[in-house]
Amino acid sequence: MSAVADRLYRRRSVVNAFNLVASGLCAAFGLFWLVWILWTTFRHGIAAMKPGLFTQMTPPPGSEGGLANALFGSLVMSVAAIVIGTPIGVAAGTYLAEFAKKKAIGETIRFLNDILLSAPSIVLGLFIYTLVVAPSGHFSGWAGALTLAMIVIPVVVRTTDEMLQLVPSTMREAALSLGIPQWKVTLQVLYRSALPGIVTGILLALARISGETAPLLFTALNNQYWSHDMNAPMASMPVVIFQYAMSPYESWQSLAWAGAFVVTVFVLLLSILSRAILLRNKVSHD
Amino acid sequence: MAANSSAITASMTAAVVDASRRDVRDARADGIFRWIVAAAGMLVLAALVGTALSMLWGGREAFGTFGFGFLFSTEWDAVNHKFGALVPIYGTIVTALIAMLIAVPVSFGIALFLTEVAPSWLRGPVSAAIELLAGIPSIIYGMWGLFVFVPIMGEYVTPWLNDHLGHWPLIGALFTGPPLGIGMLTAGIVLAIMVIPFISSVMREVFLTVPTRLKESAYALGSTTWEVVWDIVLPYTRSAVIGGVFLGLGRALGETMAVTFVLGNAHRLSASLLEPGNSIAATIANEFTEADSEIYRSSLIALGFLLFVVTFIVLAVAKLMLRRLSRQEGTK
Chain X
1 MSAVADRLYR RRSVVNAFNL VASGLCAAFG LFWLVWILWT TFRHGIAAMK
51 PGLFTQMTPP PGSEGGLANA LFGSLVMSVA AIVIGTPIGV AAGTYLAEFA
101 KKKAIGETIR FLNDILLSAP SIVLGLFIYT LVVAPSGHFS GWAGALTLAM
151 IVIPVVVRTT DEMLQLVPST MREAALSLGI PQWKVTLQVL YRSALPGIVT
201 GILLALARIS GETAPLLFTA LNNQYWSHDM NAPMASMPVV IFQYAMSPYE
251 SWQSLAWAGA FVVTVFVLLL SILSRAILLR NKVSHD
Chain E
287 MAANSSAITA SMTAAVVDAS RRDVRDARAD GIFRWIVAAA GMLVLAALVG
337 TALSMLWGGR EAFGTFGFGF LFSTEWDAVN HKFGALVPIY GTIVTALIAM
387 LIAVPVSFGI ALFLTEVAPS WLRGPVSAAI ELLAGIPSII YGMWGLFVFV
437 PIMGEYVTPW LNDHLGHWPL IGALFTGPPL GIGMLTAGIV LAIMVIPFIS
487 SVMREVFLTV PTRLKESAYA LGSTTWEVVW DIVLPYTRSA VIGGVFLGLG
537 RALGETMAVT FVLGNAHRLS ASLLEPGNSI AATIANEFTE ADSEIYRSSL
587 IALGFLLFVV TFIVLAVAKL MLRRLSRQEG TK
């Protein structure tokens, strides 16, 4: 009897130990790819760094050049996307948290916003293509910026909604009981309290769009030259990286690595920064 | 005295009038504010509906010309204007399935490690690092895949699979192919790496919602850690875990750039996972700007519509499943 129990017990411990070790291996497996991918990017990227990278234009195959126009295009389109997307996102998030909290319409919008958040970005590019590019007859920086704004909006809506819901309702009631109109309460009391969270949301959105490639392929297209005309096709870092990485020319591939390095460092810094803001805020709340 | 009091009355009346005027002004401002934020909310609604409708509109020519045959035809002939979606649909589904086969068990392992096994000082850094994986742009995965992973697949993995699994009955055909390195299997593996952080972070979060009381009761009865996770934690969080898996599936189906780099852009239906193929998103990314005829472009937009419908359904299921757990939490 006790031999049977013993054997059973031993088998259970073996199964347990085996699975727990396997779980550790899974974590190691996940970290392994992270380290490998970052190491590759850094190694090739740092090797390809050179002084002209930020000042010279994208070159024709075989000659020397930099990524200045692509960096500028990415910068302009990202800023435009944030400027367009943030007010809309914050306003919609405010609507969800303050005006439609328990209503069916609020639930529906929240549900669809969450889907928009994970929807394939290439599909959003097709939407802007049919809405803007096809009627206007040409690719443009504005179309690219609008596509990126479509990616920004759901991120900002989500964080604004969540952060406003975290503001204690006593704060709302205290402000309202002083006779302050609701818009003032929202702008001057609630937003102030939710600000770190909203800023984090914007930073995360910026991190997401700075590496976004697919929808730009057929909205902003690309531009070999320096252009600050938002009505014309515009170069961007990810699209140039894609084009150069897929090319057979070694000088282009090396520029692609340099670009990949710059984008990766930027995105990692953003995500670490936003994490730090959230963490500091959490500490000060406790 | 009388003059004085009437002056006071007058100023009070003025104040009251002033106050009521301010009330009216405030009410109007509130109305406008409310209207603005509601309009922004509706815009989100319109964005999603607009996306669906615009693609249906853009794809009308393809749907009209090819009808239901569009879904089942393997033809993709830009010269003769004959297009069918079966090859990209097949590629999308197969790569996503490979990704899920790898990513789901690994993500479960990671979540288990981070909630039950790891010492607490290790949990924060490891989960932060895994989440960093989610932040890396997909184009970086693509480049890494093309320049680093594809050569390894071509040189070592593909020949090994050919030698060892290639002549097995039934599944042998899946693993026979030229040592190109690019193909469905490579794309599936890269996708798996990309969705692991999404699935594991959902699983980790929901595992943390299991009441300590439940787990401790099981431990008190003599359960091992594994038994607690398998018999207590997993059943308690089942719907949310499925939600997390579907969330990852939605990502894998719609992922574009990484797949475009390593899939090979070949419009051919082949049983082997080692042959190049195509996916919906990669087809659109590769060919959209080169589409030289109305029907070509329309077919690509129609593909986009199919992708949107499928990911919408998958993500909606994910959301509903995830919501079920939070509702269960709320009723306690």
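Keeping their order, the protein sequence lines are chains X and E. All letters in the first sequence, in the order written, are residues 1 to 286 by the numbering used here. All letters in the second sequence, in the order written, are residues 287 to 618 by the numbering used here. Idealized CB from N, CA, C, for every residue including glycine.
Cβ of residue i within 7 Å of any chain X Cβ
{"i": "M651 (chain E)", "result": "With chain E running from 287 to 618 in the structure shown, residue 651 (chain E) is simply not present."}
{"i": "M341 (chain E)", "result": "yes"}
{"i": "M287 (chain E)", "result": "Since pLDDT at M287 (chain E) reaches only 49, below the 50 mark, its modelled position is unreliable, and the value read off the structure follows with that caveat. Not one chain X Cβ lies under 7 Å of M287 (chain E)."}
{"i": "A300 (chain E)", "result": "no"}
{"i": "M439 (chain E)", "result": "no"}
{"i": "I581 (chain E)", "result": "no"}
{"i": "A415 (chain E)", "result": "yes"}
{"i": "G467 (chain E)", "result": "no"}
{"i": "V323 (chain E)", "result": "yes"}
{"i": "L331 (chain E)", "result": "yes"}
{"i": "W512 (chain E)", "result": "yes"}
{"i": "G550 (chain E)", "result": "no"}
{"i": "M543 (chain E)", "result": "yes"}
{"i": "L494 (chain E)", "result": "no"}
{"i": "M489 (chain E)", "result": "no"}
{"i": "G410 (chain E)", "result": "no"}
{"i": "M429 (chain E)", "result": "yes"}
{"i": "F352 (chain E)", "result": "no"}
Beta carbon proximity, residue i to chain E, threshold 7 Å
{"i": "A260 (chain X)", "result": "yes"}
{"i": "L116 (chain X)", "result": "yes"}
{"i": "Q224 (chain X)", "result": "no"}
{"i": "I109 (chain X)", "result": "yes"}
{"i": "L273 (chain X)", "result": "no"}
{"i": "P248 (chain X)", "result": "no"}
{"i": "N113 (chain X)", "result": "yes"}
{"i": "I122 (chain X)", "result": "yes"}
{"i": "D286 (chain X)", "result": "Because D286 (chain X) sits at a pLDDT of 44, beneath the cut-off of 50, its placement in the model cannot be relied upon, and the point is left open."}
{"i": "S290 (chain X)", "result": "Chain X is shown from 1 up to 286; residue 290 (chain X) falls before or after that span and cannot be answered."}
{"i": "A91 (chain X)", "result": "yes"}
{"i": "N19 (chain X)", "result": "yes"}
{"i": "S193 (chain X)", "result": "no"}
{"i": "V267 (chain X)", "result": "yes"}
{"i": "A205 (chain X)", "result": "no"}
Test item: CB-CB of residue i and residue j under 7 Å
{"i": "A260 (chain X)", "j": "M480 (chain E)", "result": "no"}
{"i": "G467 (chain E)", "j": "V436 (chain E)", "result": "yes"}
{"i": "A389 (chain E)", "j": "A214 (chain X)", "result": "no"}
{"i": "T511 (chain E)", "j": "E402 (chain E)", "result": "yes"}
{"i": "F99 (chain X)", "j": "L221 (chain X)", "result": "no"}
{"i": "L331 (chain E)", "j": "I84 (chain X)", "result": "no"}
{"i": "L471 (chain E)", "j": "L559 (chain E)", "result": "yes"}
{"i": "L477 (chain E)", "j": "F461 (chain E)", "result": "no"}
{"i": "Y249 (chain X)", "j": "P61 (chain X)", "result": "yes"}
{"i": "A207 (chain X)", "j": "L273 (chain X)", "result": "no"}
{"i": "V267 (chain X)", "j": "S177 (chain X)", "result": "no"}
{"i": "V240 (chain X)", "j": "T94 (chain X)", "result": "no"}
{"i": "G353 (chain E)", "j": "F591 (chain E)", "result": "no"}
{"i": "L31 (chain X)", "j": "A415 (chain E)", "result": "yes"}
{"i": "S236 (chain X)", "j": "G73 (chain X)", "result": "yes"}
{"i": "I581 (chain E)", "j": "P374 (chain E)", "result": "no"}
{"i": "V155 (chain X)", "j": "A205 (chain X)", "result": "yes"}
Interface partners of residue i on chain X, CB under 8 Å
{"i": "G336 (chain E)", "result": "F127 and L131"}
{"i": "K605 (chain E)", "result": "F111, D114 and I115"}
{"i": "R537 (chain E)", "result": "S118"}
{"i": "V531 (chain E)", "result": "Ordered by position in chain X, no residue passes the 8 Å Cβ test against V531 (chain E), which lies about 13 Å from the chain."}
{"i": "I375 (chain E)", "result": "Those within 8 Å of I375 (chain E) in chain X number zero; the least Cβ separation is about 14 Å."}
Partners in chain X for residue i, counting only beta-carbon separations shorter than 7 Å
{"i": "R320 (chain E)", "result": "F99"}
Neighbouring residues, chain E, relative to residue i (Cβ below 7 Å)
{"i": "W183 (chain X)", "result": "A315, D316 and F319"}
Proximal chain X residues relative to residue i, where beta-carbon distance stays under 9 Å
{"i": "D312 (chain E)", "result": "G179, I180, P181, Q182, W183 and K184"}
{"i": "F598 (chain E)", "result": "I115 and A119"}
Residue i: contacting residues in chain E (beta-carbon distance under 8 Å)
{"i": "L217 (chain X)", "result": "A571, F574 and T575"}
Contact list for residue i against chain E, beta-carbon separation under 9 Å
{"i": "G85 (chain X)", "result": "Under the 9 Å cutoff, chain E gives no residues; its nearest Cβ is about 11 Å from G85 (chain X)."}
Entirely enclosed alpha helix (DSSP H) segments - the stretch 54–121 of chain X, minimum 4 residues:
Entirely contained in the stretch 54–121 of chain X, the alpha helix (DSSP H) runs reaching 4 residues are, in chain order, 68–94 and 104–118.
Whole alpha helix (DSSP H) elements within the stretch 186–262 of chain X, 4-residue minimum
191–210 and 237–245
Is there contact here, the stretch 307–321 of chain E with the stretch 542–560 of chain E, by at least three beta-carbon pairs under 8 Å?
No: the two stretches stay apart, fewer than three of their Cβ pairs being nearer than 8 Å.
I'd like to know if the stretch 486–505 of chain E and the stretch 383–400 of chain E are in contact, where contact means that at least 3 CB-CB pairs between them fall below 8 Å.
yes
Pick out the complete beta strand (DSSP E) segments inside the stretch 415–492 of chain E, 3 residues or longer, and give them in chain order.
none
With a threshold of 8 Å, are at least 3 pairs of Cβ atoms found where one atom belongs to the stretch 502–509 of chain E and the other to the stretch 523–537 of chain E?
no
Looking at C-beta atoms only, is the number of pairs between the stretch 111–129 of chain X and the stretch 229–239 of chain X that lie closer than 8 Å three or more?
no
Given 8 Å as the limit, is there contact between the stretch 36–52 of chain X and the stretch 123–137 of chain X, that is, 3 or more CB pairs closer than that?
no
Would you call the stretch 186–200 of chain X and the stretch 63–78 of chain X touching, i.e. three or more CB-CB distances under 8 Å?
no
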